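Student:
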Amino acid sequence: MPRVQLRQIAHARSGDKGDCANIGLIALRPEHYPALVEQVTAERVKEHMRELCRGRVERFELPNLQALNFLLYEALDGGGTVSLRTDAQGKTLSAALLRMEIEI
Amino acid sequence: MKKVVRVAAGQGFWGDDLDAPRRQVEGGPTDYLMLDYLAEVTMSILQKQYARDPQAGYARDFPQMIERGAKEIVQRGVKVVANAGGVNPETCGEAVAAALARAGYQGRMKIGVVTGDNILDRLDDLVARGIELRNMDTGEPLAAVRERVRSANAYLGAFPIAEALGQGAQIVVTGRCSDVALSLGPSIHEFGWKRDDWDQLAAGVVGGHVIECGAQATGGNCQVDWETMPDLAGIGYPILEAEPDGRFAITKHPGTGGRVTVPGVTEQLVYEIGDPRAYITPDVIADFTTIQLRQAGQDRVQFWGIEGRPATEFYKVSISYSAGFKAAGTMTYGWPDAYKKAKMADQILRTRLERLGLTFEAIHSEYVGANACHGDFLSGEPPPDLAEVTLRVGVRGSDPVAIERFTRELAPLALNGPPVVTYPSGGKPKVEEVVAYWPALIPKNEVSAAVTVWEA
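From first to last, the protein sequence lines stand for chains A and B.
Taking my numbering, the leading residue of the first sequence gets 175, the next gets one more, and so forth.
Taking my numbering, the leading residue of the second sequence gets -18, the next gets one more, and so forth.
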């Protein structure tokens, strides 16, 4: 099965709530949504984002939008106003997730 | 009853495009202009201003905007709803009245002010009565940071806004309320939605969520087709076209830049949400997994099918408190071996800080141009021929003297460290106070919103 980077089949937007970041991952075409559900699990996202996210990762499904929502706990170095990072509010974490490779 | 109510968003945060509200009023039919000025950090800044001057503590941009746009607002009969009141909505309302008078529209409009969200002065009383305001994330009681609290506000809902509109207010100023309340209030007022019309209220919440971040719903910051996005310099801000049964469309004025598409709007739908089955607001719990949407023509996305559930018995409270100090500074290293040089500079800096005996709660180094956004692991080893890399180092701690000393250790690297280096003009980095957030819940019966409407 061919491997693709998520950026080829999905798009995303990320933001912050306290020290928790969310990443909404959306299939570019409905036929790719099942592969996202099957392979982009909370465990894999935690592994992929381990340098940036110190806490757990929780996943929610929005089949109506062909989207998954991930909550990344302790992912913002204390939160938007506390963080020392350039990306204190996690705005670029969406693209970090799109680096992941899956099989389709 | 109107068949469609058009709510135009003109400000996604305080600092957004100053000209957007004008374009929203003049660019086509608009019933309401909705402006969101308050981020969490804004409340603590406004509280600080209010402590120094009891006539301050609100978004001064707002009365200025009203003064500039008074003629169009009056002539077109556009109503304005804004959370510009900050920690001092009454004075903001008076400033709006003065702005209207200066523009020559004295006695032509009613102003409504919503108060009751500010619980700063009641914190000790609340805690004494057993309302502990525990941190929703950590479970700690407020006592842990009580001495350092700067502001405390409950997020009010949309019904006080609807009440002000019902009393004839044409401009409604609030303090802290849920962002979506600013656009839901008008629908409640126009359509007579009741407190238990859960599905309609949920639809209003979803529509409000789509437009509350301004042009993020119309092609701004959008990953799909960003390179071909038309006229981002003149991007149209979103307009919510609400209908009495809860259906709505998102669109923008004709002839403006950007695009309203299903992928773009979907990016905004998933922005800063938690459990999509339970998007909790003061007025209703909206279920984002029930949202149905489709492209219904150019720059127009239609929504239907949204379901809601009864609201909780609590308001969310946002409490800000002082949490130490921080500073961050940069040095830029040029080709060749820019990344290696920046790494060496970081080592030298850290050794210097150690020899000076300075300790911090946190020290964080980034290599802008190599891996600052996504980190080492995901970014991989940077190529050896990068044109330049900027070392950015930040420190955080409780001792402002140590932070201040840190800010003097960067510039010497220009003469003491690796070669091919430059650094920003304008002096050493600034020491900033860190303001942190304490999310908590308060029983609704402990907070009472008050609505005042008067002739300006």
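For each residue, glycine too, the CB sits at the ideal point set by N, CA and C.
No experiment lies behind these values; they were computed from the predicted model shown.
When DSSP labels each residue in this structure, what does Ile280 (chain A) get in the three-state scheme?
Tutor: Any question about residue 280 (chain A) goes unanswered here, given that chain A covers just 175 to 278.
Student: Out of curiosity, what's the CA-to-CA distance linking Val382 (chain B) and Ser164 (chain B)?
Tutor: Computed Cα separation, rounded: 46 Å.
Student: Does any C-beta atom of chain A lie closer than 8 Å to the C-beta of Tyr314 (chain B)?
Tutor: Chain A contact via Cβ: absent.
Student: In whole angstroms, what is the alpha-carbon distance linking Glu448 (chain B) and Gln276 (chain B)?
Tutor: Not covered by the structure: residue 448 (chain B). The range shown for chain B is -18 to 437.
Student: At which residues does the alpha helix (DSSP H) containing Pro420 (chain B) begin and terminate?
Tutor: Counting along the chain, Pro420 (chain B) falls outside any alpha helix (DSSP H), though it belongs to the beta strand (DSSP E) covering Glu413 to Pro424.
Student: For the alpha helix (DSSP H) that contains Ala383 (chain B), what are its first and last residues?
Tutor: Pro381 to Thr388 is the extent of the alpha helix (DSSP H) around Ala383 (chain B).
Student: Secondary structure at Ile47 (chain B), three-state DSSP: helix, strand or coil?
Tutor: Looking at Ile47 (chain B) - three-state DSSP - the assignment turns out to be helix.
Student: Going by DSSP, what residue range makes up the alpha helix (DSSP H) through Asn397 (chain B)?
Tutor: Per DSSP, Asn397 (chain B) belongs to the alpha helix (DSSP H) from Leu394 to Asn397.
Student: Taking all protein chains shown into account, decide if Phe229 (chain B) is buried (16 or more other Cβ within 10 angstroms of its Cβ) or exposed.
Tutor: Counting Cβ neighbours within 10 Å, Phe229 (chain B) comes out buried, since at least 16 surround it.
Student: Find the residues of chain B that neighbour Lys191 (chain A), judging by a C-beta separation of less than 8 Å, and give them in chain order.
Tutor: The contacting residues are Glu253 and Gly255.
Student: So if I threshold CB-CB distances at 7 Å, which residues from the region 325 to 356 of chain B count as touching chain A?
Tutor: Answer in chain order: Ala343, His345, Glu347, Val349, Ala353, Cys354, His355 and Gly356.
Student: When you compare the region 405 to 418 of chain B with the region 251 to 261 of chain A, are there three or more beta-carbon pairs, one atom per stretch, that lie closer than 8 Å?
Tutor: Segments in contact, yes.
Student: Where does Met325 (chain B) sit, in a helix, a strand or coil, going by DSSP?
Tutor: The answer is helix: DSSP assigns Met325 (chain B) an H, G or I state.
Student: So is Val178 (chain A) in contact with chain B if we call contact Cβ pairs under 8 Å?
Tutor: Closer than 8 Å: no.
Student: On a CA-only basis, which of B:Thr23, B:Gly166 and B:Val205 is nearest Val241 (chain B)? Give me that one, please.
Tutor: Closest by alpha carbon: B:Val205.
Student: Which residues of the region 382 to 395 of chain B have a Cβ closer than 9 Å to any Cβ of chain A? Give them in chain order.
Tutor: The region 382 to 395 of chain B vs chain A, Cβ under 9 Å: nothing.
Student: Just checking, does the region 302 to 319 of chain B make contact with the region 401 to 413 of chain B on the three C-beta pairs under 8 Å criterion?
Tutor: Result yes; three or more Cβ-Cβ pairs closer than 8 Å.
Student: Taking 8 Å as the threshold (C-beta atoms), are Ala214 (chain B) and Ile169 (chain B) in contact?
Tutor: Contact: no.
Student: Which term fits Gly278 (chain B), buried or exposed, when burial requires 16 or more other beta carbons within 10 angstroms of its beta carbon?
Tutor: That one is exposed.
Student: Taking the CB atoms as reference points, tell me whether Gln307 (chain A) and Glu277 (chain A) lie closer together than 8 Å.
Tutor: Beyond the ends of chain A as shown, which are 175 and 278, falls residue 307 (chain A); an answer cannot be given.
Student: If Gly111 (chain B) sits next to Val94 (chain B), beta carbons under 8 Å apart, how far is it from one beta carbon to the other, in whole angstroms?
Tutor: At roughly 31 Å, the Cβ-Cβ gap does not stay under 8 Å, so Gly111 (chain B) and Val94 (chain B) are not in contact.
Student: What number of angstroms, rounded off, separates the C-alpha of Glu12 (chain B) from the C-alpha of Pro363 (chain B)?
Tutor: Per the sequence shown, the amino acid found at residue 12 (chain B) is Asp instead of Glu. So the alpha carbons of these two residues sit roughly 53 Å apart.
Student: Starting from Ile266 (chain B), follow its DSSP beta bridges and name the residues at the other end.
Tutor: In the DSSP output, where bridge partners are listed per residue, Ile266 (chain B) has B:Ile261 and B:Arg290.
Student: Looking at the unbroken alpha helix (DSSP H) that takes in Gln28 (chain B), where does it start and where does it end?
Tutor: Looking at the DSSP string, the run of the alpha helix (DSSP H) that includes Gln28 (chain B) is Glu21 to Arg33.
Student: Closest by CA to Ala162 (chain B), which one among B:Pro263, B:Phe269 and B:Val370?
Tutor: Nearest C-alpha to Ala162 (chain B): B:Pro263.
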